[in-house]
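Numbering (this note's numbering), first residue to last: 207 to 378. The structure under discussion appears below in the form of structure tokens.
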Amino acid sequence: MATDHIRYDVLARDALRGVLRKVLTDAAAHGLPGEHHFFITFVSKAEGVKLSSRLLAQYPEEMTIILQHQFWDLTVLEDRFEVGLSFGGIPERLIVPFSAIKSFLDPSVKFGLQFDTSDVAEVAPENLPAAPAPSAVAVQTPGAESAESTEEPETPTKGGAEVVRLDRFRKK
207 MATDHIRYDV LARDALRGVL RKVLTDAAAH GLPGEHHFFI TFVSKAEGVK
257 LSSRLLAQYP EEMTIILQHQ FWDLTVLEDR FEVGLSFGGI PERLIVPFSA
307 IKSFLDPSVK FGLQFDTSDV AEVAPENLPA APAPSAVAVQ TPGAESAEST
357 EEPETPTKGG AEVVRLDRFR KK
């Protein structure tokens, strides 16, 4: 078999990560349209991932987050995204490099991507700083008032987002 000097696998992976980056950038700028929501699974100890020690202890291998109603401060950069979520009523700031993402799913339109993370470097837990919990800001949805409003931003509800283990829904 011939050697692949072009590395089509890497080119395809990077292109698909570009799709993910574009979708998250649009969601950060305009909110989630319609019924769209995202399930994002990532390697918890991958280089560049920043989680609190509490979340890392709870999800030592991988973690799946759902971006739907209760998230804030979604910021998308070239190599990562950052988002505020509430876990058990405690606001957290997560930083996730695109290289750490294992899968992306938008179940509203049955669209999903899977990424090979076997080449992702893991860092020792003691090198992972806890992400500080920022003040919460409500996500602006299409048709909502502009950011020039003088009202205080909404904070997440005390209940926060529910963390659901997706293993029970996977086909065996």
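Every residue gets a Cβ at the ideal spot worked out from N, C-alpha and C, and that includes glycine.
- Message: Looking at the secondary structure, which residues open and close the beta strand (DSSP E) in which K316 lies?
- Response: Here K316 belongs to no beta strand (DSSP E), and DSSP marks it neither H nor E.
- Can you list, in chain order, the stretches of the beta strand (DSSP E) that have 3 or more residues and sit fully within the stretch 258-291? You should have 268-273, 277-282.
- Message: Can you look up V255 in the DSSP assignment and give me helix, strand or coil?
- Response: V255 falls in the coil class under three-state DSSP.
- Can you tell me the Cα-Cα spacing of L300 and L238, whole angstroms? So the two alpha carbons sit approximately 19 angstroms from each other.
- Look at E268 and T247 and say whether their C-beta atoms are less than 8 angstroms apart. At a Cβ-Cβ threshold of 8 angstroms, E268 and T247 count as neighbours.
- Closest by CA to V225, which one among P313, V315, F304, T323? From the listed residues P313, V315, F304, T323, the smallest Cα separation to V225 is found for F304.
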